[in-house]
Amino acid sequence: MLRLSALSRGILIALVGFILIFMYVPLLVLVLNSFNQSNISSWPIQGFSFKWWEFASTYEPIRTALLNSLVVATGSMIIASILGTLVAFALKGFDFFGKGTVNLLVVLPIALPGVVTGVAFSNTYNTFLSPAGFNIGYFGMIVAHATFCIVMVFNNVFARLKRMNPSLQEASADLGAGLWQTFRLVTFPQFRTAFVAGALLAFALSFDEVVVTIFTAPPGVDTLPLWILKEMSRPNQASVVNVVATVVILISLIPVYISQRLSRAQDEVK
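Residue numbers for the sequence shown follow UniProt numbering, beginning at 1 and rising by one.
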C-alpha cells in the first residue's frame, strides 16, 4: 500500500475539501434560499420561512410538472432496463459480425450533446412520423429519454455478466431446469443488484433531463426541470424555483445513493 507523508496527506485532504466546497456550496446556497422568506433570492438571508414550500405543495403547475417528471422517468427506466439488459446478454453471450460496432452504438447516445439528441428526435417526430400520421406525443418524450438511459443499465449489467461463472447455468441445465427457470433462479439473482442499480441511475438521469425534453415535450407539457427553466426569467418566482430545484436534487439523490449502496454491496459479496 502506498504510504503518504503527513504533508502529502494534508495537501490531498485540502485539495479534496476545496473540490467538494467548489461543487456543493452553490447547491447549499440554493437549498437555503428555498427557505428564504423574501420573494427573491438574497444573501445573507434575512429570515427563514416555510411559506414557499407550502405554496409549492399546493401550486397546481408544479404538481403537474412533478407527475410528468415521475411518469417520464419511470417509463424511460422501464424501457431502458429491458433493452439495456437484452443488449448486454446479446453482446456477452454471442459472437457476431459488427459486435464492436453495436457496443459503440449502444454507448454513443450518452456521449452525444443533449441538443443533438433533441434536434434529431424533434426532426424525426415533426418531419417524418407526424406527416405519416403517427402522432407520438407524450410517449415520444419517454422514448427520447430512454435512448440515453439504456447505457446506464447496459454498462452495469454487462460488467456484471462478464464476472459471472457460466458453470452455474450449465449445472442448472444439467439438473433439468429449463431456460426460464435457470434465468429466474440462477442467472437473475447474480446480476440483480447491477440491474437495479442501473435502473435507478436511468431514472435519475431521465428525471433531471432538460435539453432533450425541450425538443420532444408535447405543447403544454412541462417536467420539473423544464418548469424551472421557464420560471427562471421571472424574478418574483425565484424562491419557488429554489424550492422546486431542491426537490429535484432530493429526488435525484435518492436513486443515486441506493445505486451506490447496491454496487458496494455487490463488490463486498465478491
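Note that CB positions come from ideal geometry on N, CA and C, so glycine has one too. Quick caveat, the model's predicted, so the values are computed rather than measured.
Among the candidates Ala238, Pro218, Arg3, Leu32, whose CA atom is the shortest distance from the CA of isoleucine 142? Pro218
Which whole-angstrom value is the C-beta distance of alanine 80 and alanine 146, which I expect to be below 8 Å? 5 Å
Would you give the residue range spanned by the alpha helix (DSSP H) that residue 271 belongs to? Since the first residue of the chain shown is 1 and the last is 270, residue 271 is not available in this structure.
Out of Gly198, Val241, Ile45, Asn103, state which residue places its alpha-carbon closest to the alpha-carbon of leucine 224. Val241
Sorted by chain position, which residues of the same chain lie with C-beta nearer than 8 Å to leucine 108's C-beta, five sequence neighbours on each side aside? none
In its own chain, which residues sit with a C-beta less than 7 Å from the C-beta of leucine 187, not counting the 5 before and 5 after it? Leucine is not the amino acid found at residue 187; the sequence shown has threonine there. Closer than 7 Å at the Cβ level, and outside the excluded window around threonine 187, lie Gln169.
Limits of the unbroken alpha helix (DSSP H) element including proline 109: In the DSSP annotation of this structure, the continuous segment of the alpha helix (DSSP H) that includes proline 109 starts and ends at 99-111.
Applying the criterion that 16 or more other CB atoms from any shown protein chain within 10 Å of the CB defines a buried residue, is glutamate 209 buried or exposed? buried
Are the beta-carbon atoms of alanine 238 and isoleucine 40 separated by less than 8 Å? yes
Beta-carbon proximity list for leucine 262, same chain, < 7 Å, skipping 5 on both sides: Thr193, Val196, Ala197
Nearest-angstrom Cβ-Cβ length linking residue 272 and serine 34, presumed shorter than 8 Å: A query on residue 272 cannot be resolved here, the shown segment of the chain reaching from 1 to 270 and no further.
Per DSSP, asparagine 36 is paired with what? Phe48
Considering methionine 152, what are the terminal residues of the alpha helix (DSSP H) in which it resides? 138-163
Give the straight-line distance between the Cα atoms of leucine 200 and leucine 161, rounded to the nearest whole angstrom. 18 Å
Would you call threonine 127 buried or exposed, if buried means 16 or more other Cβ atoms sit within 10 Å of its Cβ? exposed
Which residue from Ser38, Ser42, Tyr59, Phe121 puts its Cα closest to that of serine 49? The alpha carbon of serine 49 has as its nearest neighbour, out of Ser38, Ser42, Tyr59, Phe121, the alpha carbon of Ser38.
Does glutamate 170 come out as helix, strand or coil in the three-state DSSP assignment? If DSSP states are grouped into helix, strand and coil, glutamate 170 belongs with the helices.
Using the rule of at least 16 other Cβ atoms within 10 Å of the residue's Cβ for burial, across every protein chain shown, is leucine 205 buried or exposed? buried
So threonine 216 and serine 69 are supposed to be a Cβ contact under 8 Å. How far apart are they, rounded? Not confirmed; about 14 Å, so no contact.
Beta-carbon contacts of methionine 164 that lie in its chain and below 6 Å, excluding the five residues immediately before and after: Gln190
Can you find the residues in the same chain that come closer than 8 Å, C-beta to C-beta, to tryptophan 227, ignoring five residues on each side of it along the sequence? Pro61, Ile62, Ala65, Val244
Three-state class that DSSP yields for valine 210 in the structure shown: coil
Would you check whether the ligand SAM has a heavy atom nearer than 7 Å to the C-beta of phenylalanine 215? Ligands in the displayed structure: none, and consequently the ligand SAM is not present.
Do three or more CB pairs link the stretch 23-32 to the stretch 246-258 at distances below 8 Å? yes
Cα-Cα separation between leucine 185 and alanine 177, rounded to whole angstroms: 9 Å
Are the beta-carbon atoms belonging to proline 255 and phenylalanine 183 less than 8 Å from one another? no
Residue span of the alpha helix (DSSP H) that contains phenylalanine 96, given as start and end: First-last for phenylalanine 96: undefined, no H or E at that position.
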